[in-house]
Amino acid sequence: MAEYTENELAKDLENKEYEYGFTTNIESEKIPNGLNEDVIRMISAKKNEPEWLLEFRLKSFQIWSEMVEPDWAHVKYEKPDFQAISYYAAPKKQKYESWDDVDPEMKETMNKLGISLEEQKRLTGVAVDFVMDSVSVATSFKEKLAELGIIFCSFSEAVQDHPELVKKYLGTVVPQTDNFYAALNSAVFSDGSFCYIPKGVRCPMELSTYFRINEAGTGQFERTLLIADEDSYVSYLEGCTAPQRDENQLHAAVVELISLDGAEIKYSTVQNWFPGDKDGKGGVFNFVTKRGICHTGSTISWTQVETGSAVTWKYPSCILKGDNSTGEFYSVAVTNNHQMADTGTKMIHLGKNTKSTIISKGISAGESENSYRGLVKIDRKADNARNFTQCDSLLMTDRSGAHTFPYIECENPTAQLEHEATTSKIGEDQIFYCLQRGIDEEKAIGLIVNGYCKDVLNKLPMEFAVEAQKLLTISLEGSVG
Amino acid sequence: MLKINNLHAQVEGKEILKGLNLEVKAGEVHAIMGPNGAGKSTLASVLAGNEDFEVTDGSVDFEGKDLLELETDERAKEGLFLAFQYPVEIPGVSNINFLKTAINEKREYQGKEAISAKDFMAMVREKSKLVELDSKLANRSVNVGFSGGEKKRNEIFQMAMLEPKLSVLDETDSGLDIDALRIVAKGVNELKKEDTASIVITHYQRLLDYIVPDYVHVLYDGKIVKSGPKELALELEEKGYDWIKEEIGQ
Chain A
1 MAEYTENELA KDLENKEYEY GFTTNIESEK IPNGLNEDVI RMISAKKNEP EWLLEFRLKS
61 FQIWSEMVEP DWAHVKYEKP DFQAISYYAA PKKQKYESWD DVDPEMKETM NKLGISLEEQ
121 KRLTGVAVDF VMDSVSVATS FKEKLAELGI IFCSFSEAVQ DHPELVKKYL GTVVPQTDNF
181 YAALNSAVFS DGSFCYIPKG VRCPMELSTY FRINEAGTGQ FERTLLIADE DSYVSYLEGC
241 TAPQRDENQL HAAVVELISL DGAEIKYSTV QNWFPGDKDG KGGVFNFVTK RGICHTGSTI
301 SWTQVETGSA VTWKYPSCIL KGDNSTGEFY SVAVTNNHQM ADTGTKMIHL GKNTKSTIIS
361 KGISAGESEN SYRGLVKIDR KADNARNFTQ CDSLLMTDRS GAHTFPYIEC ENPTAQLEHE
421 ATTSKIGEDQ IFYCLQRGID EEKAIGLIVN GYCKDVLNKL PMEFAVEAQK LLTISLEGSV
481 G
Chain B
1001 MLKINNLHAQ VEGKEILKGL NLEVKAGEVH AIMGPNGAGK STLASVLAGN EDFEVTDGSV
1061 DFEGKDLLEL ETDERAKEGL FLAFQYPVEI PGVSNINFLK TAINEKREYQ GKEAISAKDF
1121 MAMVREKSKL VELDSKLANR SVNVGFSGGE KKRNEIFQMA MLEPKLSVLD ETDSGLDIDA
1181 LRIVAKGVNE LKKEDTASIV ITHYQRLLDY IVPDYVHVLY DGKIVKSGPK ELALELEEKG
1241 YDWIKEEIGQ
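Line by line, the protein sequences are chains A and B.
According to our numbering, the first sequence is numbered sequentially starting from 1.
According to our numbering, the second sequence is numbered sequentially starting from 1001.
As structure tokens, then:
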């Protein structure tokens, strides 16, 4: 058997084009590039927003204007020119009487993504809130959910139909002042998803949204607000793919979760933004602020499988405010070629008997850099807090990097903290063992990597787990070196 | 079935095999013995297609095909099985999933349909009994947390599941207590058929009390220097290898 040289590896990677790298030609309504108060007023007016929301946006813009873009993450990228971005784009045809009225080209896009609504409706029982270029074009299963009092709609609709809920919770977990990109999002967010689960209701289906950047040069600023009222339960899925582009695309979303007393939120993400080509050109910048607050006896569980983006910078976090609350973070982050990821979580223990679990699996291939950065903070009042952290890194090549930056701040002597970390290189002996049993190299890597990530993949809902497994294998094709 | 002719192989520039010849016919069991560093495990690795070893000369014919031209996984699919001396662990991958993948890869190669879940499970039950492997181990991750003996039994279990034409057992007896040895040998003996063959690489004669070879070969300094019937193994056990060295004039 010929030796697998670096040249062959390089060739393999070149041949592997981004699977979802296509664009649709839907006419978009787009406002001119640039950002100032007038642009914000225009966005707000187009969406027919109430005065308080305009004020929220303007205040955020003011805060953002005085902030400096941070640079502490272990990533390198050319900073976006915020005046060269268009802050609003929506497909022109916005209202559909029925599913039949939806633009056929848009349907085709969804078919390519494998998420045809019709099929979703009929077969899977998953309600899909499909977001294309900032405006939701279809929401299904609404009636069934409405019977239970569950609200699941686009953010814009929620502003119109349930302003009291939006007003009460918007910005309570991620304040406008939180960070540079959260402030920017608060000023210009276009649309996103809103979800409210009433007291004591167990949401009977997985709620899901698919995001997609579809307009060249359009930054996308999604806003998600999810409220689980007392003793309720919801499992929420988020998945993304994006078309291939030369210029960088900025994605700065904000996700806020509110888990009231005794509630449980499972939030799962499979993320596959365009990662840039083999030379590191193009690709999405994914600078996301995701955070949840747990009240007494409640749980928030973040599960993410990250394979995309040129640069990823995000830390889905939990504020364990209530006593006996639980935060969980399960993550697989894959980087290949020139991708860079700085991702992890923050677990802020404020209440007594609070528990958190962090399991992070990083996989670095090509010349990528993959960092775990995590904070475990135990407040002085948080008696008997417990944390378990496990950070594993798997290196596929000699040219890639794996880094771990754990921060622990403990102000209470009753806390129990455990931290485990490993770094390993994918074993040539493991691959040889598989080959000798007749399993080819690609399948062998798929098996080994999926085995390595099993603890995290097991936390995903069934249909998502299958998708995630495929994604992992595709992302790492021919990447051992 | 297998014909090795004048095989030379090196690792990191150092020549280990220096003109090895061996012929194995269907239905036969060949034992290869020899002192440390003679090249026994190198032979197993070269046959299986380990890229750390470079073949510099010679040929290997396997069932009419040029074995050295085949990729590692193709050799396996053609029916070559290596029971590893040190089986590796693959965390998170269940034995069952691993074997099912391997079996279906082979079936696809042969143009057959994937095995049904029912047939597969029936096969697992039957073959795990053969090596007295606890069925719980079948559901555990490949070799993870297995004792030394369990790992070796798992190798024989995999061999039974994959039904190879030619099995190469690389020091399968090392580190085994007498009970485990007996179980492993029983597995190998029961799998012996008219159209299959085995090469048993071992340091010690004791394995050959259980797996009775048709031929015994002595590998020394990269070549087979002496071949004989099973009694040769006893002689080696008794006298060591020095008399062989003398015999070949070293």
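Note that CB positions come from ideal geometry on N, CA and C, so glycine has one too.
For the pair Val334 (chain A) and Ser475 (chain A), the CB atoms are nearer than the 9 Å cut-off. For the region 1036-1058 of chain B, the beta-carbon criterion of a distance under 8 Å to any beta-carbon of chain A is satisfied by Ala1048, Gly1049, Asn1050 and Glu1051.
Residue environment for Ala1009 (chain B): buried (at least 16 other C-beta atoms within 10 angstroms of its C-beta). Scanning chain A for C-beta atoms nearer than 9 Å to the C-beta of Gln1158 (chain B) yields Arg437, reported in chain order. For Ser1141 (chain B), the nearest beta carbon of chain A is closer than 9 Å to its own beta carbon.
Taking 7 Å as the upper bound on Cβ-Cβ separation, chain B lies near residues Gly427, Asp429, Gln430, Phe432, Tyr433, Leu435, Gln436, Arg437 and Gly438 of the region 415-438 of chain A. Within chain B, no residue has its beta carbon less than 7 Å from that of Leu148 (chain A); the closest one is some 37 Å off. Under the Cβ distance rule, Glu1071 (chain B) counts among the residues neighbouring chain A, one pair being separated by less than 9 Å.
Residues of the same chain with a CB within less than 6 Å of the CB of Val166 (chain A), apart from the 5 flanking positions on each side, are Ala158 and Val159 in chain order. Between Lys470 (chain A) and chain B, the shortest Cβ-Cβ separation is not below 9 Å.
A buried status is given to Tyr267 (chain A), since no fewer than 16 other beta-carbon atoms sit within 10 Å of its beta-carbon. At least 9 Å separates the CB of Lys346 (chain A) from every CB of chain B. At least one CB atom of chain A sits nearer than 9 Å to the CB of Glu1105 (chain B). In the three-state scheme derived from DSSP, where H, G and I count as helix and E and B as strand, Lys1040 (chain B) is classed as helix. When the five nearest sequence neighbours on each side are left out, the beta carbons in the same chain lying within less than 6 Å of the beta carbon of Ala444 (chain A) are those of Ile431 and Cys434, in order along the chain. Within chain B, Thr1101 and Glu1105 have C-beta atoms less than 8 Å from the C-beta of Lys443 (chain A), given in sequence order.
By DSSP's assignment, Glu264 (chain A) forms a beta bridge with A:Tyr233 and A:Thr299. Residues Gln176, Ala183, Ser186 and Ala187 of the same chain have their beta carbon placed closer than 6 Å to that of Ser60 (chain A), with the five preceding and five following residues left out of the count. For chain B, none of the residues of the region 392-410 of chain A brings a beta carbon within less than 9 Å of one of its beta carbons.
Of all C-beta pairs linking the region 1098-1118 of chain B to the region 454-465 of chain A, fewer than three are shorter than 8 Å, placing the two stretches out of contact. The Cβ neighbour count for Arg399 (chain A), taken over all protein chains shown within 10 Å, is under 16; the residue is labelled exposed. Between Lys1100 (chain B) and the set B:Asn1139, B:Thr1072, B:Gln1085 and B:Glu1078, the nearest pair of CA atoms involves B:Asn1139. The beta carbon of Ile474 (chain A) sits no closer than 9 Å to any beta carbon of chain B.
Excluding the 5 residues flanking it on each side, Phe388 (chain A) has same chain C-beta neighbours closer than 6 Å at Thr357 and Glu418, in chain order. Taking C-alpha positions only, Ser190 (chain A) is separated from Glu37 (chain A) by approximately 15 Å. Counting every other CB atom within 10 Å of its CB across the protein chains shown gives Ser424 (chain A) a total below 16, marking it as exposed. Neighbours of Lys454 (chain A) in chain B, taken as residues whose beta carbon is under 7 Å from its own, are Gly1092 in chain order.
The distance from the Cβ of Gln220 (chain A) to that of Leu1082 (chain B) is about 52 Å, inconsistent with a contact at the 8 Å cut-off. With three or more CB-CB distances shorter than 8 Å, the region 1207-1227 of chain B counts as touching the region 1019-1030 of chain B. The three-state secondary structure of Arg291 (chain A), taken from DSSP, is strand. Less than 9 Å separates the beta-carbon of Gly1092 (chain B) from that of Tyr452 (chain A). Contact check for Val311 (chain A) against Tyr77 (chain A) passes: the beta carbons are separated by less than 9 Å.
The Cβ atoms of Ser1147 (chain B) and Ile1090 (chain B) do not sit closer than 9 Å to each other. In the DSSP annotation of this structure, the continuous segment of the beta strand (DSSP E) that includes Gly1228 (chain B) starts and ends at Lys1223 to Gly1228. Here the alpha carbon of Ser193 (chain A) sits roughly 6 Å from the alpha carbon of Cys153 (chain A). By the criterion of at least three beta-carbon pairs nearer than 8 Å, the region 1064-1078 of chain B is not in contact with the region 402-422 of chain A.
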